[in-house]
Structures are given as C-alpha cells and as structure tokens.
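J.: My questions will all concern the structure given below.
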Amino acid sequence: MAPRKNFRNQAKKEVKPAAVVNKNGVKAEATVAASGGGFSNTKIFTWFMVLALLGVWSSVAVVWFDLVDYDNVIAERAKEFRFNFSEVLQGKLSAYDADGDGDFDVEDAKVLLGLKERPVSVLLREAKEESAVKEPDAVPTPPDDDVDGSQNTDVESEIQAAVPLPPISDGFIPDDSRDEATHPYEDENDAIDMKGELVEKAQPQQTVEESKQYNDQPGSLETKETIQLRYNAEADSVPEPEADVEPEVESVLEPEADVEPEVESVPELEAEFVPELKENAEEQPKDKLKEKAKKKKPKLLNKFEKTIKTEIDAAEKLRKKGKVEEAVRAFETLVLQYPQSPRCRYGKALAEDGLAEKMLSNDMLQKAIGTYKEASELPNATPDLIKATLKKRAERQQFLGRMRGALATLEKLVQIFPEDMALKNDLGVAHLLTGDNKSAKRVYEEVLATAPSDGFAKVHYGFILKSENKIAESIPFLRDGLESGDPGTDDGRFYFHLGDALQRMGDDSAYKWYERGHQRGHFASVWQRSLYNVDGLKAQPWWMPKDTGYMDLVKTLERNWRIIRDEAQSVMDKTTGLFVPEEENLREKGEWGQFTLWQQGKKAGESCRSVPKTCGLLERFPEAIGCKRGQIKFSVMQPGTHVWPHTGPTNCRLRMHLGLVIPKTGCKIRCTNDTRAWEEGKVLIFDDSFEHEVWQDADSYRLIFIVDVWHPELTQYQRQTLSPI
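Below, the structure is given as structure tokens:
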C-alpha cells in the first residue's frame, strides 16, 4: 500500500487538480480518498480507453468544426450526449448508432453533431418502434372497417373558404383578383349595403385580396358592394395544435361544431328574450355534440394500403409531431415504393401543406395543391379519400386567391358526390367568392328543393335575396337559417342583414337580432355593428375635435369652408341640383348624390382637377388623404330624403361633416340615440360604425363635405398595414 500512497502523494505534489463535484454532490478528491484507492490495473486501462475516446472526438472536432479549443468542445459534447463510458469499454455502442449501419463511427458522429441528417429509414424505424411500444397489442384493422390508422389527418373544417396560414410577406399574391370594374353586378343598384368580416388583428399582409369597393354615406338607402363571403380568420387567431394532440378525422368531411360563447344577461334586453338567448347558447352545443357522435369515420385506406398501414402510420406520426420536413421525406419514400397508393400521396400532400405553412412558401403550397390532385386521380382511391383530398385542394386554392380553380375543383366534387348537400353549399360559396350571385342562387335553390331545412343554404339564399333588394322575401330565410343553429350560420353578416331587413320593414324585432349578434360576439354592441374592426379602440358615437388630435385639420376646414362650398357648387348640375352625371364613381339613390375626391387612400380619378383649392387644402393631412378605410367627398341631399338607419363597415375611422349649405330647419342626423343638426362652416365628428340615420325635410338642398380620418388610437404601423375598404 505504501508505494500506492506515495504515488498518490507524489501525484498530488506534481499536479493538484481542482476539486470536481460529482452528480451526488461529493467532491471527486474526497471520493477517491474515501475509497482508499489509487489506480488499479483496471482503472489504468479505463483511463486509457477514456483518453482514446476523447481523442476520437477531438479528431472529429478538428475535421468537422475546424476548432482550436478541443477540450471545451469535447466537454460540451460529452455533456450533450451523456455517453456511458462503461458501455464504451464493453463495446456497447448500439445506442449511438445514428446512421443505422450497426456500429459507431465517424458517420455516426456527424449525425450526433448535427452535421448530417438521419436517414429516412432510421426515422421510419424509430417511429414504428415507438408505435409498437405504445400499442403492443394492436389488432389489425378488419377488412370491413376501412379506417385510416391515423385517426386524425389534421384536416381543418372544410366549410371554411380558406384556412389561414401565417401572413406571408411577398409570396402569396392572388392570381384571380377582380377589381370593381369587372364585377358582374357593378352597375346594379340592388347590392347589399354592407359587408363584413371577423375582427381584424391588423395583419401586416393580406393573403387574399379583400373586396375593395364600398359606399357607406349618410345619403344612400342602398350602397354598392362586391358580394364576397370571407370565412378565413386572421392567421394569428388560429392556434397550432400541440404536437401530441390529434384532432378527429371527422373534420375531413364535415365542419366541427363551433363552440358558442357563454351568454350573459343583458339588462336593456326584454325579459322574455334573455332566457331564449341562454337556452340557445347552452343547448345548441349539446345538439351539435349529438350530431357529431353520429358521424361516420371516413375510410381512407384501400385493401392494399391496409398491408402497409404501419409504414403509413410511421410517416404520419412525424407529420403530427410537427416534423414536417422529415414527414415530407418519409412520404416521398413511400410514394416511390408504392406509386399507386392514394393514401401515401395524400399524406405527402398534407406534409407539403404543413411545410408550406412553416416556410411561408407560396411555391410549396402550390406543390401541395398539385399533389392533392394527383392523389384524387389515382385508381383505387376510396370515395372518402377523394372527397377529403379535393376539398382540401379547393380550400388551399381559395387561400391563394385562385377562386376559379377552387370553383372548378368543387364542381368536380359535386359531380362525383351529387347527393352531398354540404358540397353543394360549398359550391354556392365559391360562386359568391367569384361574384357570381346568380349561379350561387341556383345552387342554393337546388339544395333547398332537396333539403328544405338546411340552415346553411337558407341564410345564404336569404343573403342573396337581400342583395337583389327583395327585402321582405329575404327575412324568413335569414331568420330560419339563424334559428336552425346549423354549422356556418352563426355569422355576423347574417345577423346584420336580417336586422337591417327588419328595420326597413318597420319591424322593431330587428334589435332582438342585433342583440343576439352582440351576444354571439359579432358586434361590439347593439349600436356599434361594424364588422371590419380592430380591437381595443375607443368607442363613442360623437367626438369633440380636441379629442381626435386633428385640430389643425378641423380649423383648416372651418376657416376655408366658403372656398370649399364654392368649388362644390361649381361641379353641381345647376338644373337638377345634383352633381354632374358624367362622374363615373357617382352612385345616386333617389334625391341624393356625391362627388368623390379620395377613396381608399387614393385620389378618385381626375376629380381634384375640378376642385383644386379644396384638394390643395387637404394635401398636408395624411390622416385624411391616407385613410385607406375612408373617403373624402361632397354629399348633396334634396328635400324629402330619408336615409335608413345603418352603420359603416369599420371602427378604424371617424367621419367629419363640414356644413356647406344647410337649410335653417328640417335637416338632422341621429347617431345612436343622440340627434344633432349641421351648421354652415362647422364640423361635426362622429363614429359611423355606430348606427346613424338622416332626415332631409327642408325646402332646399343640403350640401356637406365629408372627410374620413383614421381613428386616432391606431398606430402608424396599423395605418400602413390595414387592408383598404
């Protein structure tokens, strides 16, 4: 023992290593001392092998990293991979066989160091092993239950016109955008006077171009609008599913039932209406759950694909865990092995779709759209797979703005499955998205002839009837459709138009439906019913100039009101008292007219040439001329005119009215329950997203100047990125 002791002491004198705390919290030196040991022959051999292994890692670091601090690299990698050195000495290296060749070598080191990707075969093998561990007693699917082994293909509700991906910088540009000049109903006067969407979160990019034209002025009973239904929510409002959460595959064929918000009692509401709201809010989800339980699981595997179900499941598992790049490679391998397998190709399309979302790549999404088509056209594809694949393809085409392509895909689906009313309903929406109301109307008439209680078809049919100014006829369809509670009916636009139709018929029950729309979360309040909104903005019907922060603009308008008035009168037709009829952007309704200078933040044609002083005054106010959700225009109203109660489309603007020619009596404007009158040379400011109404009962015309400005609480970024209206 003496030589060993002396050797240890000598070693201490020559080199005294720093005390290291082991995993049990005991200093290494103390541990050695406690054991009373120095180096046995075995330990010498052990240290020799450790040094040899460290030498291997040093070589790897030199070759692949070109580093100088080899010791730190080795230490960090050892911590990262936590090698068991006793296994190294015993030759048990299979745990570190990263490339699947049966041994541990430089190629394995490359994989472990992140310098080389793991082979697809290894990934598939591990996925299979993991599945086998979780389901050791899995029973093969019987022939009469042809269900895809992956019971969730992450296919969202197909009723959506477009399932939103995250905003895409410059890639996603619609190839089928249509401006108002080409809309088939541009020159008709029976278009619905309002459009709407879900609440916006001020996305920096809009993937699908929104409908650009709107006219919401206090002098119009009916306004023009492109009838386009938008069902996509903002990209950031749709949370990604967790890696291990697997949604039910039923959503491939039918939409999930929306969870209705909890309904609170409203003091202002009539007593008998409150229980009805609560009853609908509480019972409807239960009905939808019962309906969901009756759904049949889609059969996505054909007979041959059941024999390779394990391989498909392994690749699908990668996709569901969010490893989309690996999933694409895995499915590509399966497609090469089984080129006639529709399920393998469908899985490849889903993986490419997920990769497009991750990469924000238009090209990758287009590739997925092509793969969906390939899968649907392969022989031996099950009917359920064809349906799921083509619906997914149409959805993605709509997302990219390829509305005509999506329409063709849906028409093909209806031809293959003529008895499926849900597909016909989707086809009707596709027609509306292309502006073809007549074709949409024909489709919904066919649906209602076969399924007269179909709520989705009813609300859309009523929507179209109202666009044709068939107010009374639209009411029962809109009302019955909303009362059905069917998926896709609980939409703010339908509450909006039903209430509007009832108001025009003198029916006070309109406010019952506005209240229900508010309770469902579609309206900010019964009074404020705009649908293109940004959350959190100050909401009040009337504003004082000082509260807007736009005092310079207000003072400029009021100081120069006579100049503005004189230029406005110079472009009016002296005979009729209306604006010049050759103004193409002018839309008249009865005894009312307008002359537009700016729309959607851009000058309207050559209008400013006729009123150069007025336009010159406004050039230095970006809050007005840059308001992409507003207009600047002259408005003239003749005696005997009445404007229906209505609301503007967005809460993102305030509306200024400068009085130019105001009769002494008979002209007034109501916003919510507060009625006011104009004064010549004075500015009135109100938020036109609140309900307002106008009367002109004077003996001469009323002339005002309307200037829309950004809501003062919008940030500069929001003003730049919000889409035009």
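Numbering (this note's numbering), first residue to last: -2 to 722. Note that beta-carbon positions come from the ideal geometry of N, C-alpha and C, so glycine has one too. Predicted model only: the values in this text are computed from it and were never measured.
Residues bridged to Gly656 by DSSP?
T.: The partner list for Gly656 (beta bridge, DSSP) reads Glu677, Ile701.
J.: Between the C-alpha atoms of Ser338 and Arg517, what's the straight-line distance to the nearest angstrom?
T.: 45 Å
J.: Using the Cα positions of Thr662 and Leu615, report the straight-line distance between them to the nearest angstrom.
T.: Answer to the nearest angstrom: the Cα atoms are 30 Å apart.
J.: Smallest Cα separation from Lys388: which of Pro376, Leu375, Ala405, Thr593?
T.: Ala405
J.: Counting beta carbon pairs with one atom in the stretch 380 to 394 and one in the stretch 306 to 316, are three or more of them shorter than 8 Å?
T.: no
J.: Relative to the alpha-carbon of Lys600, which residue among Asp451, Phe576, Gly627, Ala469 has its alpha-carbon at the smallest distance?
T.: Gly627
J.: Have a look at Gly602 and Ala372 and give me their C-alpha separation to the nearest angstrom.
T.: 49 Å
J.: Whose C-alpha, out of Lys679, Glu690, Ile682, Glu676, is nearest the C-alpha of Thr669?
T.: For Thr669, the nearest C-alpha among the options comes from Glu690.
J.: Say whether the stretch 335 to 351 touches the stretch 369 to 384, bearing in mind that this needs 3 or more beta-carbon pairs closer than 8 Å, one atom from each stretch.
T.: yes
J.: I'd like the list of long-range same chain contacts for Glu588, defined as Cβ closer than 6 Å, with 5 residues on each side in sequence excluded.
T.: Gln635, Thr638
J.: Leaving out five residues on either side along the sequence, give the residues of the same chain with a beta carbon under 6 Å from the beta carbon of Asp685.
T.: Gly645, Arg652
J.: First and last residue of the alpha helix (DSSP H) that includes Thr447?
T.: 434 to 447
J.: Residues in the same chain with beta-carbon distance under 8 Å from Met502, minus the five sequence neighbours each way, listed in chain order, please.
T.: Ile468, Ala469, Ile472
J.: From the DSSP output, in three-state form, read off Arg399 for me.
T.: DSSP, reduced to helix, strand and coil, places Arg399 outside both helices and strands of the structure shown, so it counts as coil.
J.: Quick check: the Cα distance between Lys293 and Leu594, rounded to an integer number of angstroms?
T.: Looking at the backbone, the Cα of Lys293 and that of Leu594 are separated by about 57 Å.
J.: What is the DSSP secondary structure of Asp570, reduced to helix, strand or coil?
T.: coil
J.: How would you label Asn810, buried or exposed, when you count the other beta carbons within 10 angstroms and need 16 or more for buried?
T.: Examination of residue 810 is not possible in this model, given that the chain is present from -2 through 722 alone.
J.: Helix, strand or coil for Lys661? Go by DSSP, reduced to three states.
T.: coil
J.: Count the other CB atoms within 10 Å of the CB of Glu302; is the residue buried (16 or more) or exposed (fewer)?
T.: buried
J.: How many angstroms separate the CA atom of Ala353 from the CA atom of Gln334?
T.: 24 Å
J.: Note the first and the last residue of the continuous alpha helix (DSSP H) segment covering Ile622.
T.: First-last of the alpha helix (DSSP H) with Ile622: 619 to 622.
J.: Name the two residues that bound the continuous alpha helix (DSSP H) containing Pro609.
T.: 609 to 615
J.: Mapping DSSP to helix, strand and coil, what is Asp549?
T.: helix
J.: When you compare only the Cα positions, how much space is there between Ala324 and Lys318?
T.: Going from the Cα of Ala324 to the Cα of Lys318 covers about 9 Å.
J.: Hey, Tyr492 and Trp510 are a contact pair by Cβ (cut 8 Å); roughly how many whole angstroms apart?
T.: Rounded, the Cβ-Cβ distance is 5 Å, consistent with contact.
J.: Please confirm if the stretch 551 to 568 is in contact with the stretch 675 to 682, defined as three or more CB-CB distances below 8 Å between the two stretches.
T.: yes
J.: Name the DSSP beta bridge partners of Cys668, please?
T.: Asp671, His689
J.: For Asp505, does the count of other Cβ atoms within 10 angstroms reach 16, so buried, or fall short, so exposed?
T.: By the Cβ-count criterion, Asp505 is exposed, with fewer than 16 other Cβ atoms from all chains shown falling within 10 Å of its own Cβ.
J.: Could you pull the start and end residues of the alpha helix (DSSP H) that Leu429 belongs to?
T.: 418 to 430
J.: Give me the Cα-Cα distance between Met418 and Arg326, rounded to the nearest whole angstrom.
T.: Between the alpha carbons of Met418 and Arg326 lies a gap of roughly 37 Å.
J.: Quick one: Cα of Gly485 to Cα of Asp477, how far?
T.: About 13 Å.
J.: CB-CB under 6 Å to Glu443, same chain, minus the five flanking residues each way: which ones, in chain order?
T.: Closer than 6 Å at the Cβ level, and outside the excluded window around Glu443, lies no residue.
J.: Go through the stretch 298 to 372 residue by residue and report every complete run of the alpha helix (DSSP H) that reaches 4 residues or more, in order.
T.: Counting whole runs of 4 or more residues, the stretch 298 to 372 contains the alpha helix (DSSP H) stretches 300 to 304, 306 to 317, 321 to 334, 339 to 356.
J.: When DSSP labels each residue in this structure, what does Val523 get in the three-state scheme?
T.: coil
J.: Per DSSP, what kind of secondary structure is Gln635 in: helix, strand or coil?
T.: Looking at Gln635 - three-state DSSP - the assignment turns out to be coil, as it is neither helix nor strand.
J.: For Ser720, is the classification buried or exposed, using 16 other Cβ atoms within 10 angstroms of its Cβ as the cut-off for buried?
T.: buried
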